[in-house]
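What follows is a single structure, written as structure tokens, with notes after it.
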Amino acid sequence: MVRSVLFSRFTDKFFAGFKNRSCLAEFRQFTSTTFPELAEFGNISSHEDLHKFSIQRPDKFWSVLARSRLKWETDFHTPMDCDFRTGKFNWFLGGKLNISVNCVDRWAEVDPERIALVWEKDEQGEVENVSYSQLQDMVGRIANTLKQAGVGVGDVVALYMPISPVAVASMLATARIGAVHTVVFAGFSAEALAARVEDSGAKVLITADESVRGGRRTPLKRTVDTALEKCETVKTVLVMRRTGAEIKMKPNRDEWLDECMLRSSPICAPKSMNSEDPLFLLYTSGSTGKPKGVSHSSAGYLLYAMVTMKHAFDYKQGELFGCVADIGWITGHSYVVYGPLANGGTSLLFESTPVYPDPGRYWEMVERLKINHFYGAPTALRLLIGYGDEYVTKYDRSSIRKLGSVGEPLNQEAWHWFHSVVGEKRCDIVDTWWQTETGGVAISPRPSAPNAPLSPGKPQRPMFGMNPVLLDEKGEEVQGLGVSGSLCLATPWPGIARTLHGDHQRFVQTYFSAYPGYYFTGDGAFRDEKGDYQITGRMDDVINVTGHRLGTAEVEDVLTEHDNVAEAAVVGYPHEVKGEGVYAYVILKQGVNLDEENIRNELKLLVKSKISGFAIPEFILFTPGLPKTRSGKIMRRILRKIAANQMDDLGDISTLAEPEIVETIIQKHQKK
Ligand code: 7RM
Numbered sequence: 117m118v119r120s121v122l123f124s125r126f127t128d129k130f131f132a133g134f135k136n137r138s139c140l141a142e143f144r145q146f147t148s149t150t151f152p153e154l155a156e157f158g159n160i161s162s163h164e165d166l167h168k169f170s171i172q173r174p175d176k177f178w179s180v181l182a183r184s185r186l187k188w189e190t191d192f193h194t195p196m197d198c199d200f201r202t203g204k205f206n207w208f209l210g211g212k213l214n215i216s217v218n219c220v221d222r223w224a225e226v227d228p229e230r231i232a233l234v235w236e237k238d239e240q241g242e243v244e245n246v247s248y249s250q251l252q253d254m255v256g257r258i259a260n261t262l263k264q265a266g267v268g269v270g271d272v273v274a275l276y277m278p279i280s281p282v283a284v285a286s287m288l289a290t291a292r293i294g295a296v297h298t299v300v301f302a303g304f305s306a307e308a309l310a311a312r313v314e315d316s317g318a319k320v321l322i323t324a325d326e327s328v329r330g331g332r333r334t335p336l337k338r339t340v341d342t343a344l345e346k347c348e349t350v351k352t353v354l355v356m357r358r359t360g361a362e363i364k365m366k367p368n369r370d371e372w373l374d375e376c377m378l379r380s381s382p383i384c385a386p387k388s389m390n391s392e393d394p395l396f397l398l399y400t401s402g403s404t405g406k407p408k409g410v411s412h413s414s415a416g417y418l419l420y421a422m423v424t425m426k427h428a429f430d431y432k433q434g435e436l437f438g439c440v441a442d443i444g445w446i447t448g449h450s451y452v453v454y455g456p457l458a459n460g461g462t463s464l465l466f467e468s469t470p471v472y473p474d475p476g477r478y479w480e481m482v483e484r485l486k487i488n489h490f491y492g493a494p495t496a497l498r499l500l501i502g503y504g505d506e507y508v509t510k511y512d513r514s515s516i517r518k519l520g521s522v523g524e525p526l527n528q529e530a531w532h533w534f535h536s537v538v539g540e541k542r543c544d545i546v547d548t549w550w551q552t553e554t555g556g557v558a559i560s561p562r563p564s565a566p567n568a569p570l571s572p573g574k575p576q577r578p579m580f581g582m583n584p585v586l587l588d589e590k591g592e593e594v595q596g597l598g599v600s601g602s603l604c605l606a607t608p609w610p611g612i613a614r615t616l617h618g619d620h621q622r623f624v625q626t627y628f629s630a631y632p633g634y635y636f637t638g639d640g641a642f643r644d645e646k647g648d649y650q651i652t653g654r655m656d657d658v659i660n661v662t663g664h665r666l667g668t669a670e671v672e673d674v675l676t677e678h679d680n681v682a683e684a685a686v687v688g689y690p691h692e693v694k695g696e697g698v699y700a701y702v703i704l705k706q707g708v709n710l711d712e713e714n715i716r717n718e719l720k721l722l723v724k725s726k727i728s729g730f731a732i733p734e735f736i737l738f739t740p741g742l743p744k745t746r747s748g749k750i751m752r753r754i755l756r757k758i759a760a761n762q763m764d765d766l767g768d769i770s771t772l773a774e775p776e777i778v779e780t781i782i783q784k785h786q787k788k
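Take 117 as the starting number for the sequence shown in this note's numbering and just add one per residue.
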């Protein structure tokens with residue numbers, strides 16, 4: 117095991133012993149795969165009974181778990197006070213706790229040497245382990261650094277950094293002092309970063325000199341400098357040293373994080389927070405151009421993340437949980453950081469890519485680190501299928517117990533490859549359906565349930581406390597089996613998002629107005645003959661490119677910023693590897709006679725610089741017009757069909773203002 121000099125300062129030197137305080141006996145029941153706490157309710161002998169109970173009595177179900185699995189400073193008096201109609205969600209009112217105590221201190225106290233984080237750096241074979249006591253030390257030092265920078269309760273701290281123990285400790289440090297973090301994926305451009313920082317009102321931003329992925333370095337600090345030219349709120353920038361590259365530091369604003377940590381005490385008293393105080397904001401794409409700052413609570417979010425992690429994957433303490441997501445996404449929040457740590461588990465931080473240095477990276481890592489749960493994205497699996505099975509089979513995967521998937525539908529081919537080639541038909545596939553807004557897994561095969569057969573390509577069954585329903589256009593629940601509808605959730609759960617930052621109205625409008633009395637997911641679903649759920653895709657203008665959520669309106673906004681563009685319409689189309697690809701229809705302004713190829717390249721660069729590489733359109737088709745209704749609404753349905761080469765299935769186009777334009781577009785599409 118190789119350790120970087122910089123990091124070992126924190127992992128070797130500063131760890132004092134820990135006194136064993138006797139508050140933890142009750143948390144030791146994690147080894148059971150069911151819920152021993154619920155025994156008092158009697159008559160619960162199967163998972164089906166338990167699920168039924170959890171949705172009939174969510175107050176009882178969740179408050180018993182909240183008391184047994186979280187460590188409270190003050191007990192709560194009101195389990196829940198929720199209303200789908202007004203978008204009001206309160207859980208565990210009156211309760212006080214600190215999230216970092218729940219994720220770190222309580223484990224550091226009983227078992228200081230237990231490994232919390234295993235950092236698999238981009239450089240293959242370079243691994244750093246961080247124990248719970250080491251993590252506690254880092255969290256304390258960063259928390260004190262943040263306090264020094266003037267961060268207080270409720271203030272927002274933005275993170276724009278690669279996945280690393282310091283990044284995880286930074287998230288926990290904000291929680292320790294009652295501040296709110298917002299992690300911005302370090303692949304986003306300066307503009308995208310600026311928009312998120314500005315909307316959040318962050319005071320402090322934590323970044324790194326550079327990031328390293330797939331052997332390539334990206335100058336994060338330089339991007340931060342560009343972003344901050346435009347936003348005023350950030351007063352302090354803390355810079356983690358990742359590569360040691362020489363970078364410009366702005367006086368009175370920028371400080372090296374490692375130097376601040378060395379100067380700071382590792383002891384920082386945890387702030388006692390209310391259950392409902394916000395823990396973090398995470399920006400995600402919706403159907404309009406402006407990304408929304410999804411706000412999550414403290415107690416309810418943590419409980420939901422930890423319970424779903426334990427029961428969807430049947431996680432047992434001592435196992436290495438390998439979720440390869442980045443902390444910039446909700447999957448990283450819930451299943452790299454909060455779920456694993458709240459369960460006292462050991463979590464992998466994967467900094468690299470599935471194809472670096474070659475397409476065997478995941479499986480070589482599985483063999484070397486003896487990973488027990490591998491949780492990844494369908495798009496990465498589809499990419500790897502193309503390289504052949506030898507990259508998998510030459511490594512020993514016998515440590516793996518469960519294989520998980522998230523982010524988009526796991527198609528049949530990928531499911532079978534994952535199951536047979538990777539898992540040697542030995543491991544359950546956990547196809548987890550959920551969203552940034554649900555906080556944790558909502559529908560999943562739940563392999564910890566005995567006698568639960570798997571059904572390829574379907575997330576299948578609701579988690580405890582989850583009550584999925586299918587609604588028709590009239591808003592009526594569709595009953596029975598073999599039926600489809602809009603996927604809604606009918607019973608409140610503790611992990612649901614609480615609001616959209618600064619815009620509760622938009623929160624209510626987006627999720628609770630289409631079907632009053634329900635949470636609308638934006639997805640469609642099918643309930644098969646066995647009652648298992650299958651996701652049929654988004655019902656709004658959100659597309660899913662390589663597992664990244666992207667609003668088509670976001671891309672349109674960027675394209676129309678170009679001087680020569682009059683109008684743009686963007687749709688997704690099925691893409692073998694990416695899941696969906698971006699297809700842009702663009703109308704150029706009158707009299708533009710520039711070379712189309714030039715404009716195309718400029719538009720691609722523009723999207724890359726304003727959003728991110730994954731949002732770049734695969735196809736840009738220049739067209740003299742778009743199919744519009746008489747009221748001027750673009751009929752995206754038609755554009756989607758053309759992009760997917762389903763020209764003979766366009767449906768009724770007679771309501772268009774100018775139906776002829778469809779033929780023109782088809783011809784151009786076929787020539788492209
Ligand atoms: C965790 C996450 C949410 C959207 C969601 C779906 C799609 C996610 C699955 C899936 C089919 C799955 N959060 N989605 N998981 N579709 N099967 N197992 O991805 O907020 O970024 O995206 O992703 O459309 O609404 S997210």
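Ideal Cβ placement from N, Cα and C applies to all residues, glycine included.
Is it buried or exposed, Gly-611, if we count other Cβ atoms within 10 angstroms and call 16 or more buried?
Taking the sequence shown and counting its residues from 1, one reaches residue 611 at position 495. Label assigned to Gly-611: buried.
If I follow the unbroken beta strand (DSSP E) through Asn-660, where does it start and stop?
Sequence index remark: in the sequence shown, residue 660 carries index 544 (1-based). Element bounds for Asn-660: 658-661.
Measuring only the C-alpha atoms, how far is Ile-322 from Phe-490?
As a working note, residue 322 is residue 206 in the sequence shown. As a working note, residue 490 is residue 374 in the sequence shown. Taking the straight line joining both Cα atoms gives about 29 Å.
Do Arg-201 and Pro-632 have their beta-carbon atoms positioned less than 7 Å apart in this structure?
By 1-based counting over the sequence shown, the position of residue 632 is 516. By 1-based counting over the sequence shown, the position of residue 201 is 85. Yes, Cβ-Cβ distance for Pro-632 and Arg-201 is below 7 Å.
Glu-244: buried (16+ other C-beta within 10 angstroms of its C-beta) or exposed?
Position 128 of the sequence shown, counted from the start, is the residue given in the question as residue 244. Buried is the call here.
Checking the sheet assignment: what are the DSSP bridge partners for Ala-324?
One-based indexing of the sequence shown puts residue 324 at position 208. For Ala-324, which the question treats as bridged, DSSP gives the partners Met-356.
Excluding the five sequence neighbours on either side, which residues of its own chain have a C-beta within less than 7 Å of the C-beta of Thr-147, listed in chain order?
As a first step, residue 147 is located in the sequence shown; it is residue number 31 there, counting from the start. The pLDDT assigned to Thr-147 is 27, lower than 50, so where the model puts this residue is not dependable; a value taken from the coordinates is nonetheless given after this. If we look at Thr-147 and ignore the five residues flanking it on each side, its Cβ neighbours are Lys-432, Gln-433.
Assuming Met-365 and Val-282 are in contact, meaning their beta carbons sit under 8 Å apart, how far apart are those beta carbons, in whole angstroms?
What you label residue 365 is simply residue 249 of the sequence shown in a count that begins at 1. What you label residue 282 is simply residue 166 of the sequence shown in a count that begins at 1. That pair is no contact at about 18 Å.
At the level of alpha carbons, what is the spacing between Leu-497 and Ser-728?
In the sequence shown, residue 497 corresponds to position 381, counting from 1. In the sequence shown, residue 728 corresponds to position 612, counting from 1. Each residue's alpha carbon lies about 22 Å from the other.
Given a cut-off of 7 Å on the beta-carbon distance, is the pair Leu-418 and Leu-233 in contact?
Sequence index remark: in the sequence shown, residue 418 carries index 302 (1-based). Sequence index remark: in the sequence shown, residue 233 carries index 117 (1-based). No, the pair does not count as a contact, with Cβ atoms beyond the cut-off.
Beta carbon of Ser-401, beta carbon of Arg-292: below 7 Å?
The sequence position of residue 401 within the sequence shown is 285, counting from 1. The sequence position of residue 292 within the sequence shown is 176, counting from 1. Going by C-beta atoms, Ser-401 is not nearer than 7 Å to Arg-292.
Quick one: complete alpha helix (DSSP H) runs, 4+ long, within the segment 165-244?
Counting only runs of 4 or more, we get 174-185, 222-226.
Tell me whether Thr-771 sits in a helix, a strand or coil according to DSSP, three-state version.
On the sequence shown, residue 771 is found 655 positions in, with the first residue counted as 1. Here Thr-771 sits in coil by DSSP.
When we look at the beta-carbon of Lys-646 and count the other beta-carbons within 10 Å, is it buried (16 or more) or exposed?
Taking the first residue of the sequence shown as 1, we reach residue 646 at position 530. The residue in question, Lys-646, is exposed, as its Cβ has fewer than 16 Cβ neighbours within 10 Å.
Quick one: what's got a C-beta closer than 6 Å to Ala-530's C-beta in the same chain, skipping five residues either side?
Your numbering for residue 530 matches position 414 in the sequence shown. Within the same chain, Ala-530 has close Cβ partners Pro-494, Leu-497, Arg-498.
Per the DSSP calculation, Tyr-631 is bridged to which residue(s)?
Reading the sequence shown from its first residue, position 515 is the one you call residue 631. Answer by DSSP bridge pairing: none, since Tyr-631 is not bridged.
Does DSSP classify Ile-446 as helix, strand or coil?
Locating residue 446 in the sequence shown gives position 330, counting from the first residue. Reduced to three states, the DSSP call for Ile-446 is helix.
Tell me, which residues are paired with Cys-604 by DSSP?
Counted from its first residue, the sequence shown places residue 604 at position 488. In DSSP, Cys-604 forms a bridge with Val-585, Phe-636.
Quick one: what's got a C-beta closer than 6 Å to Pro-407's C-beta in the same chain, skipping five residues either side?
Here the question's residue 407 lines up with position 291 in the sequence shown. For Pro-407, where only same-chain residues beyond five positions count, the Cβ hits under 6 Å are Tyr-399, Ser-401.
Shortest alpha-carbon distance to Glu-225 belongs to which of Ala-285, Glu-467, Glu-718, Ser-249?
As a working note, residue 225 is residue 109 in the sequence shown. It is Ser-249.
At a threshold of 6 Å, does Thr-662 count as lining the ligand 7RM (C-beta to nearest heavy atom)?
For the purposes of this step, residue 662 is taken as the residue at position 546 of the sequence shown. Result no, Cβ not under 6 Å from the ligand 7RM.
Mapping DSSP to helix, strand and coil, what is Glu-156?
On the sequence shown, residue 156 is found 40 positions in, with the first residue counted as 1. Helix at Glu-156.
Confirm the yes/no value for this check: CB of Asp-657, any heavy atom of the ligand 7RM, distance under 6 Å.
Translated into positions along the sequence shown, residue 657 becomes position 541. It does not: the Cβ of Asp-657 is nowhere closer than 6 Å to a heavy atom of the ligand 7RM.
At a threshold of 6 Å, does Thr-552 count as lining the ligand 7RM (C-beta to nearest heavy atom)?
Along the sequence shown, read from residue 1 onward, the residue named residue 552 stands at position 436. Yes, the ligand 7RM has a heavy atom inside 6 Å of this Cβ.
Identify every residue that forms a DSSP beta bridge with Asn-390.
Stepping through the sequence shown from its first residue, residue 390 is reached at position 274. Answer is Lys-212.
Is it right to say His-297 is buried, meaning 16 or more other beta carbons lie within 10 angstroms of its own, or is it exposed?
Residue 297 sits at position 181 when you count from the first residue of the sequence shown. Buried is the call here.
Beta-carbon within less than 7 Å of Thr-552's beta-carbon, same chain only, minus the 5 sequence neighbours each way: which residues are those?
Looking up residue 552 in the sequence shown gives position 436. The answer, listed in chain order, is Leu-398, Thr-400, Val-410, Ile-446.
Which residue wins for smallest C-alpha separation from Gly-640, given the options Ala-630, Tyr-634, Ile-651?
Sequence index remark: in the sequence shown, residue 640 carries index 524 (1-based). Per the Cα distances, Ile-651.
Under the three-state reduction of DSSP, which class applies to Glu-734: helix, strand or coil?
Position 618 of the sequence shown, counted from the start, is the residue given in the question as residue 734. Coil, per DSSP.
Taking the beta strand (DSSP E) that Lys-518 belongs to, which residues open and close that run?
As a working mapping, residue 518 is identified with position 402 in the sequence shown. Its beta strand (DSSP E) spans residues 518-522.
For Tyr-689, which residues does DSSP report across the bridge?
Reading the sequence shown from its first residue, position 573 is the one you call residue 689. DSSP lists Gly-697 as partners of Tyr-689.
Determine the contact status of Glu-696 and Ile-659, defining contact as a CB-CB distance below 7 Å.
Within the sequence shown, the letter at position 580 stands for residue 696. Within the sequence shown, the letter at position 543 stands for residue 659. The answer is yes: Cβ separation under 7 Å.
Find the nearest neighbour of Glu-435 within the set Gly-460, Val-423, Ile-258, judged by alpha-carbon distance.
Your numbering for residue 435 matches position 319 in the sequence shown. Checking every option, the nearest Cα to that of Glu-435 belongs to Gly-460.
Alpha carbons only, please: which of Asp-227, Thr-290, Ser-414, Gly-241 is nearest the one belonging to Leu-213?
Within the sequence shown, numbered from 1, the residue matching residue 213 stands at position 97. Of the candidates Asp-227, Thr-290, Ser-414, Gly-241, the one whose C-alpha sits nearest the C-alpha of Leu-213 is Ser-414.
Please confirm whether any heavy atom of the ligand 7RM lies closer than 6 Å to the CB of Arg-665.
Here residue 665 is taken as the residue at index 549 of the sequence shown, counted from 1. Yes, the ligand 7RM has a heavy atom inside 6 Å of this Cβ.
On a Cα-Cα basis, can you pick out the residue from Ala-182, Ala-302, Arg-477 that is closest to Glu-242?
Translated into positions along the sequence shown, residue 242 becomes position 126. Minimum Cα distance to Glu-242 is reached at Arg-477.
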